[in-house]
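No gaps in the numbering here: position 53 of the sequence shown is 52 in numbering that gives the first Met the number 0, and each next residue is one more.
Each remark here refers to the structure printed beneath this line.
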Amino acid sequence: MDLSPVKLERIEGNKLYIRDADMLDGTPLLDIKPYSPMFDRFDVSRSGRMDHVKNGRKIADERFQK
């Protein structure tokens with residue numbers, strides 16, 4: 000499990016549309032909590048595990064190949 004800040008794009012009915020999640024498509028999302036600058040602080044705007052890789056497909060193993 001991981002904890003990642005995300006940006007809420009929009010709400011349609013009971014669906015939340017988010018972006019900037021550090022996860023693969025289809026990964027279950029267990030919980031969402033609101034961001035509060037009083038208690039939460041992020042010194043960087045983005046720090047995903049793949050930020051340093053220019054082309055993530057080149058280093059993926061066979062589980063993630065199409």
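All C-beta atoms, glycine included, are put in the ideal place defined by N, C-alpha and C.
Going by C-alpha distance, which of 62, 21, 6 is nearest residue 15? Numbered from its first residue, the sequence shown carries residue 15 at position 16. Considering only alpha carbons, the answer is 6.
State the Cα-Cα distance for the pair residue 18 and residue 37, rounded to the nearest angstrom. Counting from 1 along the sequence shown, the entry for residue 18 is found at position 19. Counting from 1 along the sequence shown, the entry for residue 37 is found at position 38. When rounded, the distance between both Cα atoms is 22 Å.
In whole angstroms, what is the alpha-carbon distance linking residue 33 and residue 40? As a first step, residue 33 must be located in the sequence shown, where it is residue number 34. As a first step, residue 40 must be located in the sequence shown, where it is residue number 41. About 12 Å.
What does DSSP give as the partner residues of residue 11 in its beta bridges? On the sequence shown, residue 11 is found 12 positions in, with the first residue counted as 1. In DSSP, residue 11 forms a bridge with 14.
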